[in-house]
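J.: Take a look at the following structure, please.
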Amino acid sequence: MSRDRGLDTEDQPRHGKAKGVDRRPPPQSAIVLHPQIARSGALREPEARLEEACGLALALDLEIKGAEIIQLRTTRPATLFGKGRVDEVGAKVADLDIQVVVVDDALTPVQQRNLEKAWNAKVMDRTGLILEIFARRARTREGKLQVELARLSYERSRLVRTWTHLERQRGGFGFLGGPGESQIEADRRLLADRMVRLRADLEDVRRTRALHRSARGRVPYPTVALVGYTNAGKSTLFNRLTDGQVLAKDMLFATLDPTLRTLKLPDGRPAILSDTVGFISDLPHELVAAFRATLEEVESADVILHVRDISSPQSATEAKDVELVLEQLGIEATPERMIEVWNKLDQAPEDEQAALHARARRAGESGPEAVAVSALTGEGCDLLLRRIAERIDDSAAIDLVLPSDDGEALAWLYRHGRVVERREQENGELELSVRLDAQALGRFERQFPEIRTRLAAE
Numbered sequence: 003m004s005r006d007r008g009l010d011t012e013d014q015p016r017h018g019k020a021k022g023v024d025r026r027p028p029p030q031s032a033i034v035l036h037p038q039i040a041r042s043g044a045l046r047e048p049e050a051r052l053e054e055a056c057g058l059a060l061a062l063d064l065e066i067k068g069a070e071i072i073q074l075r076t077t078r079p080a081t082l083f084g085k086g087r088v089d090e091v092g093a094k095v096a097d098l099d100i101q102v103v104v105v106d107d108a109l110t111p112v113q114q115r116n117l118e119k120a121w122n123a124k125v126m127d128r129t130g131l132i133l134e135i136f137a138r139r140a141r142t143r144e145g146k147l148q149v150e151l152a153r154l155s156y157e158r159s160r161l162v163r164t165w166t167h168l169e170r171q172r173g174g175f176g177f178l179g180g181p182g183e184s185q186i187e188a189d190r191r192l193l194a195d196r197m198v199r200l201r202a203d204l205e206d207v208r209r210t211r212a213l214h215r216s217a218r219g220r221v222p223y224p225t226v227a228l229v230g231y232t233n234a235g236k237s238t239l240f241n242r243l244t245d246g247q248v249l250a251k252d253m254l255f256a257t258l259d260p261t262l263r264t265l266k267l268p269d270g271r272p273a274i275l276s277d278t279v280g281f282i283s284d285l286p287h288e289l290v291a292a293f294r295a296t297l298e299e300v301e302s303a304d305v306i307l308h309v310r311d312i313s314s315p316q317s318a319t320e321a322k323d324v325e326l327v328l329e330q331l332g333i334e335a336t337p338e339r340m341i342e343v344w345n346k347l348d349q350a351p352e353d354e355q356a357a358l359h360a361r362a363r364r365a366g367e368s369g370p371e372a373v374a375v376s377a378l379t380g381e382g383c384d385l386l387l388r389r390i391a392e393r394i395d396d397s398a399a400i401d402l403v404l405p406s407d408d409g410e411a412l413a414w415l416y417r418h419g420r421v422v423e424r425r426e427q428e429n430g431e432l433e434l435s436v437r438l439d440a441q442a443l444g445r446f447e448r449q450f451p452e453i454r455t456r457l458a459a460e
C-alpha cells in the first residue's frame, strides 16, 4: 500500500552515509491556515489556535513560510474555502514553492483531495498532522501499536484519496456476477482485518498493564499520574520529582510513551509517578480511543496531578480541554483525587508571582487544590510533595518495641512502612513509631506475631 504523495522526510535511502556529512533531506516548506468559522461557543482566540498549529507543524520539522487566519462565514462541502480563497492560496503556494499546506481544522476526504488537486501540494488537516507527529515519536511497541491503529482508522475513510489503484476491479464472472470485488473494497477489508489484529494486540497490552497494577497493589505502592495540556511541563516536573531522564523539550508532544518511576515522598513513603501523553484541543477521536490502554494508569491512580502552564494566557481554556478528554475517557477526576499544579511560575512576571501563590492557596475552597511551582527551578516542589503525601496517607501510626537482634522485622518495617521515630533503650531494644497502612499492618502482625503493636496517639 503506497501513497500518491506524502511527507518523505523519513523515506530517504540511508546507505552511503559519509562521516561528518548530514544526509538528512531538507525540511519541507509549508504554510499554515487556520479557518476561523463562525461558530458559537468558541473557547480559544484564533491567534492562539494559529500559534498552536504552527507549533504542531514545527514539531513535524516543517519549514513554515507563512501562517494566516482565514475568516469564513460558511463552509463549502467540496473545498471548505470559497473559490476565491482557494485561488488566492494556490497563488501563494506556487509563488513560495510550498510543498505542504496545513489546514488547522478537520477536512473531509473529498475536501482534502480537491484542495490537493487545486494547490498541487500535500494537504494535511489537524487530525492528520497530530497523527503524523505521534507516528514519528512513538518508541515503545505499545505506542507504535496505538498510533498505527489510530492512523488506520483515520486512513480508512481516505482510501479514495490515498491510493492510486482503486479504480480496478476483479473477481466477477459472467453478466449476472457483476463487476466483482472492487480494489477499494478489498483494501478496506484488509484494513479492517489489520485493525482487528491491532485491537487484539492492544487488549494483550491492557491485560499486561492490569497484571502490573495488580502486582503493585500487593506491595502496595500508591500511584500518582501526571496529566495536562501538551507542553505544560509535565516531563520537566517528572524529572524534577523523580530525578528521571525523560525527554523534556519546548515542543508539542515531545514525549508520547508513558513512563513510570518511583517517587520518594517527604515522610519516606515511596509512590509510583506516571508520566502520560499530553492532551490538546480537538484531540482526534481516533487517538482518544487508541490511547485508552495507556491512560488506564490515570484511571487507577490514587492522585491525579493536572499540570497547567500558568504563564499561558490560554491556561484556563487548556484546562477545560484536558477535563473534556478525561471525561471522554470516563476518568473520574474529582477534586478529592486531583491536585492542580500551576507550573512555569518562573515565566510569570515577578509582580504576579505572589498573587499566583495566594490564588493557589484559595483554590481548594471552590475546586481542586492547587500548588504553584516551577519545575525548572524547583520552586514549590517540596510543598507539592507534601500535598501528595497528605492525599495518599491512609496509614495508622503504631508504637512497638523490637529486640536488639531482630534485624528482619526492622528491615521489613523500613521496606513497607515509614519509621517516624526511632529510640534506642538502655537494654539495647529499639522503640519505634511507625506508620503502616491497614494491609501492611495485618501482614506484619501475621509474620511477626511475637511483636506487640499498639496504635499511637495521633
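Heads up: the sequence shown begins at 3 in the working numbering, then just goes up one per residue. Beta carbons: idealized from backbone N, C-alpha and C, even for Gly.
1. What's the C-alpha gap between T77 and L117?
2. In chain order, what residues of the same chain lie with their CB nearer than 7 Å to the CB of S42, ignoring the 5 residues before and after it?
3. Leaving out the 5 sequence neighbours to the left and right, which residues in its chain are closer than 6 Å to A335 when beta-carbon positions are compared?
4. Between D323, A377, A212 and L60, which has its C-alpha nearest V343's C-alpha?
5. Please list the segments of the alpha helix (DSSP H) lying wholly inside the region 109-160, counting only runs of 4 or more residues, in order along the chain.
6. I need the DSSP call for Y416, collapsed to helix, strand or coil.
7. Tell me, which residues are paired with T261 by DSSP?
8. Relative to the C-alpha of T278, which candidate in S31, P272, L262 and K266 has its C-alpha closest?
9. How about A61 and I132: do their beta carbons lie closer than 7 Å?
10. Leaving aside the five residues before and after T467 along the sequence, list all residues of the same chain whose C-beta is less than 7 Å from its C-beta, in chain order.
11. Could you check the C-alpha separation between E503 and A411 for me, to the nearest Å?
12. Return the bridge partner residues of I71 from the DSSP annotation.
13. Tell me the rounded alpha-carbon separation between L109 and L415.
14. Buried or exposed for N233, please, with buried defined as at least 16 other CB atoms from any protein chain shown within 10 angstroms of its CB.
15. With a threshold of 8 Å on Cβ separation, who are the neighbours of F177 within its own chain once the five nearest residues in sequence on each side are excluded?
16. On the three-state DSSP scale, how would you describe L204?
17. Cα-Cα, which of D384, I341, E90 and P451 is closest to V229?
18. Given this structure, state the Cα-to-Cα distance separating R163 from T142, to the nearest angstrom.
19. If Q114 and R160 are in contact, beta carbons under 8 Å, what's the gap, nearest whole angstrom?
20. Could you round the C-beta distance between Q38 and L74 to whole angstroms and report it? I think they count as a contact, below 8 Å.
21. Can you tell me whether V1 is buried or exposed? The criterion is at least 16 other CB atoms within 10 Å of its CB, across all chains shown.
22. How would you label A437, buried or exposed, when you count the other beta carbons within 10 angstroms and need 16 or more for buried?
23. Alpha carbons only, please: which of R388, G84 and A440 is nearest the one belonging to H418?
24. Pick from S314, V373, E354 and Q355: whose alpha carbon is nearest that of R363?
25. Out of curiosity, what's the CA-to-CA distance linking E47 and D106?
26. Give every residue of the same chain whose Cβ lies closer than 6 Å to the Cβ of P224, excluding the five residues on either side of it in the sequence, and list them in chain order.
27. Is the beta carbon of L491 sitting closer than 7 Å to the one on V375?
28. Quick one: which unbroken beta strand (DSSP E) runs of 3-plus residues sit fully inside the region 335-416? Chain order, please.
T.: Based on what the coordinates show:
1. Position 75 of the sequence shown, counting from 1, holds the residue named residue 77. Position 115 of the sequence shown, counting from 1, holds the residue named residue 117. Going from the Cα of T77 to the Cα of L117 covers about 14 Å.
2. As a position in the sequence shown, residue 42 is number 40, starting the count at 1. Unreliable placement is indicated for S42, whose pLDDT of 48 sits below 50; the coordinate value is still reported in the next sentence. By the criterion of a C-beta distance shorter than 7 Å, S42 is surrounded by no residue of its chain, once the five residues flanking it on both sides are discounted.
3. Counting from one through the sequence shown, the residue named residue 335 turns up at place 333. The beta carbon of A335 is closer than 6 Å to those of I306 and L328 in its chain, skipping five residues each way along the sequence.
4. Locating residue 343 in the sequence shown gives position 341, counting from the first residue. Nearest C-alpha to V343: A377.
5. Within the region 109-160, the complete alpha helix (DSSP H) segments at least 4 residues long are 111-121, 128-139 and 143-158, listed from N- to C-terminus.
6. For the purposes of this step, residue 416 is taken as the residue at position 414 of the sequence shown. Correct three-state label for Y416: helix.
7. Taking the first residue of the sequence shown as position 1, residue 261 is located at position 259. Note: T261 is bridge-paired with D277 in the DSSP secondary-structure output.
8. Start at 1 with the first residue of the sequence shown, and residue 278 comes out as number 276. It is L262 whose Cα lies nearest to the Cα of T278.
9. Counted from its first residue, the sequence shown places residue 61 at position 59. Counted from its first residue, the sequence shown places residue 132 at position 130. No, they are not a contact pair.
10. For the chain, the structure presents residues 3 to 460; residue 467 sits outside this window and is missing.
11. As displayed, the chain neither begins before 3 nor continues past 460, which places residue 503 out of reach and without an answer.
12. Translated into the one-based positions of the sequence shown, residue 71 becomes position 69. Under DSSP, the beta-bridge partners assigned to I71 are H36.
13. For the purposes of this step, residue 109 is identified with residue 107 of the sequence shown, where counting begins at 1. For the purposes of this step, residue 415 is identified with residue 413 of the sequence shown, where counting begins at 1. Near 60 Å, if we compare the C-alpha coordinates of L415 and L109.
14. The residue given as residue 233 occupies position 231 in the sequence shown. Residue environment for N233: buried (at least 16 other C-beta atoms within 10 angstroms of its C-beta).
15. One-based indexing of the sequence shown puts residue 177 at position 175. Low per-residue confidence applies at F177: pLDDT is 38, beneath 50, and the placement is therefore not dependable enough to give any value.
16. Position 202 of the sequence shown holds residue 204. DSSP, reduced to helix, strand and coil, places L204 within a helical segment of the structure shown.
17. Translated into the one-based positions of the sequence shown, residue 229 becomes position 227. Closest option to V229, Cα to Cα, is I341.
18. Position 161 of the sequence shown, counted from the start, is the residue given in the question as residue 163. Position 140 of the sequence shown, counted from the start, is the residue given in the question as residue 142. Note that R163 scores a pLDDT of 41, beneath 50, so its modelled location is shaky and nothing firm can be said.
19. Stepping through the sequence shown from its first residue, residue 114 is reached at position 112. Stepping through the sequence shown from its first residue, residue 160 is reached at position 158. Contact annotation, Q114 with R160: C-beta distance approximately 7 Å; criterion of less than 8 Å satisfied.
20. Counting from one through the sequence shown, the residue named residue 38 turns up at place 36. Counting from one through the sequence shown, the residue named residue 74 turns up at place 72. Confirmed, Cβ separation roughly 7 Å.
21. In the structure as shown, the chain begins at 3 and stops at 460. Residue 1 is therefore absent and cannot be evaluated.
22. Numbered from 1 along the sequence shown, position 435 holds the residue referred to as residue 437. The sequence given here has Arg at residue 437, not Ala. Around the beta carbon of R437, 16 or more other beta carbons lie within 10 angstroms, which makes this residue buried.
23. In the sequence shown, residue 418 corresponds to position 416, counting from 1. If we check each option's Cα against that of H418, A440 comes out closest.
24. Along the sequence shown, one-based indexing puts residue 363 at 361. Between R363 and the set S314, V373, E354 and Q355, the nearest pair of CA atoms involves V373.
25. Here residue 47 is taken as the residue at index 45 of the sequence shown, counted from 1. Here residue 106 is taken as the residue at index 104 of the sequence shown, counted from 1. Going from the Cα of E47 to the Cα of D106 covers about 13 Å.
26. Residue numbering aside, residue 224 sits at position 222 when the sequence shown is read from its first letter. Excluding its 5 nearest sequence neighbours in each direction, P224 has C-beta neighbours in its own chain below 6 Å: A273, D304 and I394, listed in chain order.
27. Nothing can be reported for residue 491, as the shown portion of the chain is limited to 3 through 460.
28. Complete beta strand (DSSP E) runs here, min 3: 340-345, 371-374 and 398-404.
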